[in-house]
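To keep things clear, I will list the structure first and then write my remarks on it.
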Amino acid sequence: MLFLGQHGFESLLERELQEAGLDPKEAGTGWVLASLSGRAPEASWLDGLCFPHFTLLRPQEVHGDSVNALAQSIVRFFLESIRGEQIEGPWPCVFLTAAEHPGLGRRSAAVEKSFHEVLKKKLARLARLATPVVPAGRGTSRGLLVYFADFDRVFVSREIWRAGQRRMSDDPLAPSRSYLKIEETYVVMGREPGAGESVCDLGAAPGGWSFSAAKRGARVVAVDNGPLKDGALGHALIEHLREDAFRYTPGRRVFDWMFCDLVEEPHHVLTSLVLPWLEHGWCRRFVIILKFGRTDALGLLHEVRGPDSPFTLHARNLRIRHLYHNREEFTIMGDVIL
């Protein structure tokens, strides 16, 4: 299996796979190739991983010293793999490249163009049904995913697991880059705040997450001593409370959502904020960021998943992701057991 993640975090991806019982064979820029060691590629445990964004199931390696050679090899692989298979509707045909690799994107684009030209000559109807977009959300997709690890080394697979991470579009009214993280989280969760729902945003300033919820019609209580900015400032659906996020309690109120993206030591966030909110049932679902820049990321991941974790004791539908828009941090999401 070929696991794709964010560039710069390959060592953490490799360690997570090892601890999950897989056998990493090789790593490159943004990818790790690992064997299953007898395990089946089941969605349940793939969905439990944090660092992979996409997983190519049963990939094959293709080599070629020219654009045409690579395109022809990919076409041969695809045509052989679809024998006896009926493809009646749109199917994803996606070409990806290793990040931070100068010129590799141009190489991939040239091979992609050549691939479609050859496929159109052989199977015009099938070529017209190809779409260059991986479906949003979590799940398995069948089509063709082509990953360029280098100029002459390509991995191809007919089936991929999508963990949900993806690049999001910014909003000029969003007060901060963190807006992109919560937008991406909605894709992973498969849900988002709706009109009339209530949201408590702890450590809200400058208001990117509050703005994201309010633009969907949710009523937001933004808790932060700092100021809100841009689209969050003065928004009719955002109530700004200038209070310390760690000291704020909602009393008997139960929010539909609790957001928390604080630049704080992760254990302090877990014990002083996450535990009381989940233990008292002050929210129905949550999105929480834990920063791991100054601690061992995999050790923190073990604690979050451990038997004594507030998430294990008080939450369900838990998912932990290293998002496309995350830096040295996890995004944790789930529902509270009320």
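Numbering (my numbering), first residue to last: 29 to 366.
Even glycine gets a Cβ: it sits at the ideal position worked out from N, Cα and C.
Predicted, not measured: the structure shown is a model, and the values here were computed from it.
For residue i, the first and last residue of its enclosing beta strand (DSSP E)
i: tyrosine 207; result: From DSSP, tyrosine 207 is part of no beta strand (DSSP E) but of the alpha helix (DSSP H) over 207–217.
i: lysine 243; result: Looking at the DSSP string, lysine 243 is not in any beta strand (DSSP E), and its letter there is neither H nor E.
i: histidine 268; result: 266–269
i: glutamate 89; result: 88–91
i: leucine 303; result: No beta strand (DSSP E) holds leucine 303; the alpha helix (DSSP H) holding it covers 303–307.
i: glycine 56; result: 51–56
i: arginine 312; result: 311–319
i: leucine 84; result: 82–85
i: leucine 230; result: 226–230
i: glutamate 357; result: 357–364
i: leucine 30; result: 30–32
i: serine 197; result: Premise fails: serine 197 is in no beta strand (DSSP E) and is neither H nor E.
Exposure label - residue i; buried when at least 16 CB within 10 Å
i: threonine 299; result: exposed
i: histidine 342; result: buried
i: proline 64; result: The amino acid at residue 64 is misidentified as proline; the sequence shows leucine. Leucine 64 should be labelled exposed.
i: alanine 246; result: buried
i: arginine 156; result: exposed
i: lysine 141; result: exposed
i: leucine 84; result: buried
i: serine 39; result: exposed
i: aspartate 229; result: buried
i: arginine 166; result: buried
i: arginine 190; result: buried
i: glycine 309; result: exposed
i: threonine 359; result: buried
i: glutamate 145; result: exposed
Best match in the options for proximity to residue i [C-alpha to C-alpha]
i: leucine 172; options: Leu151, Lys209, Phe283 and Ile110; result: Ile110
i: valine 364; options: Arg355, Ala158, His353 and Arg347; result: Arg347
i: glutamine 46; options: Trp73, Gly33 and Ala62; result: Ala62
i: leucine 201; options: Asp51, Lys243, Gly33 and Val95; result: Lys243
i: serine 94; options: Lys150, Val182 and His129; result: Val182
i: leucine 107; options: Gly117, Gly76 and Lys149; result: Lys149
i: serine 136; options: Val332, Val146, Phe176 and Phe283; result: Phe176
i: proline 278; options: Trp305, Arg190 and Glu145; result: Trp305
i: glutamate 116; options: Leu151, Ala126, Pro130 and Gln100; result: Leu151
i: arginine 281; options: Lys257, Arg312 and His268; result: Arg312
i: aspartate 199; options: Gln193, Arg166, Ile210 and Gly192; result: Ile210
i: alanine 126; options: Ala55, Gly254 and Glu44; result: Ala55
i: valine 60; options: Gly224, Leu366 and Pro87; result: Pro87
i: valine 174; options: Glu307, Ser101 and Cys288; result: Ser101
i: alanine 71; options: His263, Thr168, Phe287 and Pro130; result: Thr168
i: glycine 192; options: Ala325, Ala223 and Leu77; result: Leu77
i: valine 90; options: Ser185, Arg219 and Glu42; result: Ser185
i: proline 118; options: Glu145, Pro130, His263 and Ala158; result: Ala158
Enclosing alpha helix (DSSP H) for residue i [first to last residue]
i: leucine 132; result: 132–150
i: valine 95; result: 95–109
i: leucine 290; result: Premise fails: leucine 290 is in no alpha helix (DSSP H) and is neither H nor E.
i: threonine 340; result: 338–342
i: serine 169; result: Careful: serine 169 lies outside any alpha helix (DSSP H), inside the beta strand (DSSP E) at 167–178.
i: tryptophan 119; result: From DSSP, tryptophan 119 is part of no alpha helix (DSSP H) but of the beta strand (DSSP E) over 119–125.
i: valine 332; result: 325–333
i: serine 204; result: Per DSSP, serine 204 belongs to no alpha helix (DSSP H) and is neither H nor E.
i: glycine 41; result: The sequence shown places leucine at residue 41, not glycine. First-last of the alpha helix (DSSP H) with leucine 41: 38–47.
Cβ distance (whole Å) where residue i is taken to contact residue j below 8 Å
i: leucine 318; j: glutamate 357; result: 6 Å
i: glycine 231; j: leucine 290; result: 4 Å
i: histidine 350; j: phenylalanine 79; result: 5 Å
i: proline 369; j: proline 163; result: Any question about residue 369 goes unanswered here, given that the chain covers just 29 to 366.
i: phenylalanine 123; j: isoleucine 188; result: About 13 Å; that fails the 8 Å criterion.
i: glycine 236; j: alanine 250; result: Actually they are not in contact, since the Cβ atoms of glycine 236 and alanine 250 sit about 10 Å apart, beyond 8 Å.
i: valine 332; j: methionine 361; result: Wrong, their Cβ atoms sit about 12 Å apart, outside the cutoff.
i: leucine 98; j: valine 139; result: 5 Å
i: phenylalanine 287; j: serine 226; result: The Cβ separation is near 11 Å, so there is no contact.
i: phenylalanine 320; j: proline 294; result: 6 Å
i: glycine 254; j: alanine 233; result: 3 Å
Cα-Cα separation, residue i to residue j
i: glycine 36; j: glycine 58; result: 7 Å
i: glycine 327; j: tryptophan 73; result: 19 Å
i: phenylalanine 274; j: phenylalanine 239; result: 21 Å
i: serine 197; j: aspartate 272; result: 31 Å
i: aspartate 252; j: threonine 213; result: 22 Å
i: glycine 334; j: threonine 340; result: 7 Å
i: serine 204; j: glycine 92; result: 43 Å
i: arginine 104; j: arginine 153; result: 17 Å
i: arginine 355; j: valine 216; result: 17 Å
i: phenylalanine 143; j: phenylalanine 179; result: 15 Å
i: leucine 147; j: glycine 33; result: 29 Å
i: leucine 50; j: arginine 344; result: 26 Å
i: tyrosine 352; j: serine 206; result: 12 Å
i: aspartate 336; j: valine 248; result: 31 Å
i: glutamate 44; j: leucine 269; result: 39 Å
i: glutamate 113; j: glycine 259; result: 50 Å
C-beta neighbour in chain C for residue i, strict 8 Å
i: histidine 268; result: Absent from the structure is chain C; it holds one protein chain and no more.
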